[in-house]
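Presented below is the structure to which this report refers.
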Amino acid sequence: MNRKLSLDVLSVTDAIQISIFILEVAEDGLPRYVSINDVGLGWIGHELDDIVGKTALEIYGGVAGQRALDQHVAVIEAGHPVCYEVTIPFAQKLGLLRSTLTPFFDGEGNVTHLVGSSLDVTSEKERDTALELTKLAKEEAEEASRAKERFLANMSHEIRTPMNGIMGMCELLRETPLSARQSLFADTIFNSANALLDIINDVLDYSKIQSEKITLQEAPFSLEALAAETGMLLRPQADAKDVTLDVRYDGKAPGEFIGDSSRMRQILINLIGNAVKFTQNGRVDVAVTHEPSPLGRPLRIVISDTGPGIPLEDQERIFAAFEQVDTPAEQPEEGTGLGLAITRALVERMGGRIEVDSKPGAGATFTVSLDLPVFQEKGSAAKAGPSRTESAKAALRRRFARPAKKDLAGLRILVAEDNRTNQLVVRKMLERTGAEIHIAENGQAAVEAYKTSDCDLVLMDLSMPVMGGLEATRLIRQHERDTGVSQRRIVALTANAQPADAEACLEAGMNDFLSKPFRKDDLMEVLRASA
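My numbering numbers the first residue of the sequence shown as 34 and each following residue consecutively.
In structure tokens form, the structure reads like this:
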């Protein structure tokens, strides 16, 4: 073997962890190793004498050796440098080498030697593989999350549709002459359906929180009116148990803030509702204050009750999903166990904090601390007006006072609804109003009916066969633009109850959104706006 090409520079490469090797084309035409530096020898666990004069197949054997030999022969045949990756047996594992092999020629143009350099890219490949697996796992997790959202949205829709029939017909039943026993049965059905709806809403909210899909809408709102309203809503439950519910709003506190009023209402209803539910006698006190604090979060909402209290070891657990503190057997409490988990998530999403202070037998106190921006209307200081308390009372009166009954006789209503039970619910709810009801069983039929009839209002379902409500609305609006007819109100009447659904309805050209299951009063309010 001619070893003249063995270079002292090989030892230099040891310091930078590059394997340098030289092969000589032997008389049998096969490339055989002449030299390899210490880095390469260390990788494969051989001495120099073990590899000199041998081919890659003779050194490594098997598939790995054959592939390495094939690469060497390919460079001889190609007559130019080649870069490739090859897996070979290392001393302790299989290693992946990224190599460059360059041919050297004699005076007649024949390849006599091959000089190669190799980098160990095993770790790099492992890292890339790990990254690919991580990326794949992330994509699978995101798809699973999307599938869960689709499943929950579909289940919500499928449950809300028959629930609209149950609650709507039950509400109509309660308006008929009933005996005391029959009234009890009807009330029980209606209350149970409402409880089921609360469970559905809790599960959907918790799912959105878990997937970080929940968003907060920032707008001015009256916290004072909201607190009073919540107290008014829950006071009948407290009165039924002979529990005193007292809501106090500090007169020095601002009445209006900027935030998400619907989510704030949810927080108040969850906390005050829980206090009422778990208090069998005594009182529930709600206090709202706003005082500057060096620690921030000047807005404080404190809900105290005289209930059974919460053991110290359970005070963190109650904020976990699907967890409830055990109650005495004679006082079983129902629910999903999601209320406080949702409440904490909403408070923290608002940048706030919720704490509980309680001892068994001594009631519980929940404190919500927030730093919501105070709303100050431009020019409000320069003009006189009603006090903040009077404004809050007026807002309450507006919210709870239903409009005076308006004659709906002659109001022409097109109802696009494929579910026959819900068609019946709408007909029966409106049969004594004098309104004219026309039914279209899908979106396409609704578009055709709109073009040929002179309706005043369209109640539009979203999920229908043949054509959905969004597409039907767009076609109706296009027809109005093309023909120059005045635009009629279109109200979504749908079991798709997510905020994104409401936004999609408005973008399609609808004027309002009423989610199923709906109350008769809600439907009447929508109709009065169009009469």
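All residues carry an ideal CB built from backbone N, CA and C; glycine is no exception.
Requested in this report: Go through its chain and collect everything with a Cβ distance to Leu301's Cβ below 6 angstroms, but skip five positions before and after it.
Outcome: Sequence index remark: in the sequence shown, residue 301 carries index 268 (1-based). Excluding positions up to five away in sequence, the list reads Thr263.
**Report entry** Enclosing beta strand (DSSP E) for Thr120 [first to last residue]
**Finding:** Taking the first residue of the sequence shown as position 1, residue 120 is located at position 87. Note, Thr120: beta strand (DSSP E), 115 to 122.
Query raised in the report: When you compare only the Cα positions, how much space is there between Lys274 and Asp220?
Result: Position 241 of the sequence shown, counting from 1, holds the residue named residue 274. Position 187 of the sequence shown, counting from 1, holds the residue named residue 220. Whole-angstrom Cα-Cα distance: 18 angstroms.
**Report entry** Rounded C-alpha distance that separates Val144 from Ala170
**Finding:** Here residue 144 is taken as the residue at index 111 of the sequence shown, counted from 1. Here residue 170 is taken as the residue at index 137 of the sequence shown, counted from 1. Cα-Cα distance, rounded: 49 angstroms.
**Report entry** Classification of Ala395 by the beta-carbon crowding that lies within 10 angstroms, buried from 16 upward
**Finding:** The residue labelled residue 395 in the question sits at position 362 within the sequence shown. Label assigned to Ala395: exposed.
**Report entry** At least three beta-carbon pairs within less than 8 angstroms, the segment 175 to 187 to the segment 81 to 98
**Finding:** no
Query raised in the report: Using the C-alpha atoms, what's the distance from Leu205 back to Glu474?
Result: Counted from its first residue, the sequence shown places residue 474 at position 441. Counted from its first residue, the sequence shown places residue 205 at position 172. Computed Cα separation, rounded: 23 angstroms.
Query - Euclidean distance between Cα positions of Glu33 and Ala533 - result: Residue 33 is absent from the model: the chain starts at 34 and stops at 564.
Query raised in the report: Counting pairs of Cβ atoms below 8 angstroms between the segment 470 to 490 and the segment 444 to 451, do you hit three or more?
Result: yes
Query raised in the report: Taking Cβ positions, are Thr527 and Lys549 nearer each other than 8 angstroms?
Result: For this step, residue 527 is matched to residue 494 along the sequence shown. For this step, residue 549 is matched to residue 516 along the sequence shown. Yes, the pair counts as a contact, with Cβ atoms nearer than the cut-off.
Query raised in the report: Taking the beta strand (DSSP E) that Leu130 falls in, what are its first and last residues?
Result: To locate residue 130, count along the sequence shown from 1; it is residue 97. 127 to 138 is the span of the beta strand (DSSP E), which, as asked, contains Leu130.
Report task. Look at the alpha carbon of Ser413 and the alpha carbon of Ile351, and state the distance between them as a whole number of angstroms. Result -> What you label residue 413 is simply residue 380 of the sequence shown in a count that begins at 1. What you label residue 351 is simply residue 318 of the sequence shown in a count that begins at 1. With a pLDDT of 48 at Ser413, under the threshold of 50, the modelled position of that residue is not reliable, and the figure given next carries that caveat. Taking C-alpha positions only, Ser413 is separated from Ile351 by approximately 43 angstroms.
Requested in this report: Compute the Euclidean distance between the alpha carbons of Leu429 and Gln456, then round it to the nearest angstrom.
Outcome: By 1-based counting over the sequence shown, the position of residue 429 is 396. By 1-based counting over the sequence shown, the position of residue 456 is 423. The pLDDT assigned to Leu429 is 39, lower than 50, so where the model puts this residue is not dependable; a value taken from the coordinates is nonetheless given after this. Distance between the alpha carbons of Leu429 and Gln456 is about 33 angstroms.
Query raised in the report: What residues in its chain sit with their C-beta under 6 angstroms from that of Asp390, if we drop five residues either side in the sequence?
Result: Translated into positions along the sequence shown, residue 390 becomes position 357. Within the same chain, Asp390 has close Cβ partners Thr398.
Query raised in the report: How many Å lie between Lys426 and Pro287 at the Cα?
Result: Residue numbering aside, residue 426 sits at position 393 when the sequence shown is read from its first letter. Residue numbering aside, residue 287 sits at position 254 when the sequence shown is read from its first letter. Legend: pLDDT at Lys426 = 42, less than 50; position of this residue unreliable, no value from coordinates given.
Query raised in the report: Going by beta carbon distance, what residues of the same chain come within less than 6 angstroms of Lys553, once the five residues before and after it are set aside?
Result: Taking the sequence shown and counting its residues from 1, the one referred to as residue 553 is at position 520. Result list for Lys553: Glu204, Met462, in chain order.
Report task. For Phe223, collect the residues of the same chain with a Cβ closer than 6 angstroms to its Cβ; drop the 5 residues on either side in sequence, then sort them by chain order. Result -> Numbered from 1 along the sequence shown, position 190 holds the residue referred to as residue 223. Cys203, listed in sequence order.
Report task. Label Arg193 either buried or exposed according to how many other C-beta atoms from any shown protein chain fall within 10 Å of its C-beta, with 16 as the threshold for buried. Result -> For the purposes of this step, residue 193 is taken as residue 160 along the sequence shown, with counting starting at 1. The residue in question, Arg193, is buried, as its Cβ has 16 or more Cβ neighbours within 10 Å.
Query raised in the report: Going by alpha carbons, who is nearest to Asp272 out of Phe123, Gln313, Ala374?
Result: For the purposes of this step, residue 272 is taken as the residue at position 239 of the sequence shown. Nearest of Phe123, Gln313, Ala374 to Asp272, Cα basis: Gln313.
**Report entry** Close Cβ partners of Leu560 (< 8 angstroms) along its chain, the five nearest in sequence each way excluded
**Finding:** Residue 560 sits at position 527 when you count from the first residue of the sequence shown. Leu441, Leu444, Ile446, Leu463, Thr466, Ala468, Leu490.
Query raised in the report: To which residues of the same chain is Leu503 closer than 8 angstroms at the C-beta, ignoring the five residues directly before and after it?
Result: Working through the sequence shown from its first residue, we reach residue 503 at position 470. Taken in chain order, the residues that qualify are Leu495, Ala537, Cys538, Ala541.
Query raised in the report: Between which two residues does the beta strand (DSSP E) carrying Phe546 extend?
Result: The residue given as residue 546 occupies position 513 in the sequence shown. Its beta strand (DSSP E) spans residues 545 to 548.
Query raised in the report: Quick one: what's Ile334 bridged to in DSSP?
Result: Here residue 334 is taken as the residue at index 301 of the sequence shown, counted from 1. Beta-bridge pairing links Ile334 to Val321, Val401.
Report task. Kindly indicate if chain D contains any beta-carbon less than 8 angstroms away from that of Leu332. Result -> Although the question refers to chain D, the structure presented lacks it and comprises just one protein chain.
Query raised in the report: Would DSSP call His146 helix, strand or coil?
Result: Taking the first residue of the sequence shown as 1, we reach residue 146 at position 113. Residue state, collapsed to three classes: strand.
Report task. Compute the distance between the beta-carbons of Ile51 and Ser150, then report whether it is under 8 angstroms. Result -> Reading the sequence shown from its first residue, position 18 is the one you call residue 51. Reading the sequence shown from its first residue, position 117 is the one you call residue 150. Yes, Cβ-Cβ distance for Ile51 and Ser150 is below 8 angstroms.
Report task. Give every residue of the same chain whose Cβ lies closer than 6 angstroms to the Cβ of Gly98, excluding the five residues on either side of it in the sequence, and list them in chain order. Result -> If you number the sequence shown from 1, residue 98 lands on position 65. The beta carbon of Gly98 is closer than 6 angstroms to those of Ala89, Leu90 in its chain, skipping five residues each way along the sequence.
Report task. Helix, strand or coil for His471, going by three-state DSSP, please let me know. Result -> By 1-based counting over the sequence shown, the position of residue 471 is 438. His471: strand per DSSP, three-state reduction.
Query raised in the report: If you follow the alpha helix (DSSP H) that Gly292 is part of, which residue opens it and which one closes it?
Result: As a first step, residue 292 must be located in the sequence shown, where it is residue number 259. It is not in any alpha helix (DSSP H) - Gly292 instead sits in the beta strand (DSSP E) that spans 289 to 292.
Query - Residues near Pro406 by beta carbon distance below 8 angstroms, same chain, minus five either side - result: One-based indexing of the sequence shown puts residue 406 at position 373. Excluding positions up to five away in sequence, the list reads Phe290, Ile291, Gly292.
Query raised in the report: By DSSP, does Gln215 sit in helix, in strand, or in coil?
Result: Position 182 of the sequence shown, counting from 1, holds the residue named residue 215. If DSSP states are grouped into helix, strand and coil, Gln215 belongs with the helices.
Query raised in the report: In whole angstroms, what is the alpha-carbon distance linking Thr376 and His512?
Result: Along the sequence shown, one-based indexing puts residue 376 at 343. Along the sequence shown, one-based indexing puts residue 512 at 479. Near 46 angstroms, if we compare the C-alpha coordinates of His512 and Thr376.
Query - the ligand SAH heavy atom lying under 7 angstroms from the CB of Leu211 - result: With respect to the ligand SAH, the structure shown offers nothing to examine, as it has no ligands at all.
Query raised in the report: Bridge partners of Thr277, per DSSP?
Result: Position 244 of the sequence shown holds residue 277. The partner list for Thr277 (beta bridge, DSSP) reads Arg316.
Query raised in the report: Given that a residue counts as buried once 16 or more other Cβ atoms are within 10 Å of its Cβ, and exposed if not, what is Leu345?
Result: Taking the sequence shown and counting its residues from 1, the one referred to as residue 345 is at position 312. Exposed: under 16 other Cβ atoms inside 10 Å.
Query raised in the report: Going straight from the alpha carbon of Met497 to that of Arg460, what length do you get?
Result: Position 464 of the sequence shown, counted from the first residue, corresponds to residue 497. Position 427 of the sequence shown, counted from the first residue, corresponds to residue 460. Going from the Cα of Met497 to the Cα of Arg460 covers about 19 angstroms.
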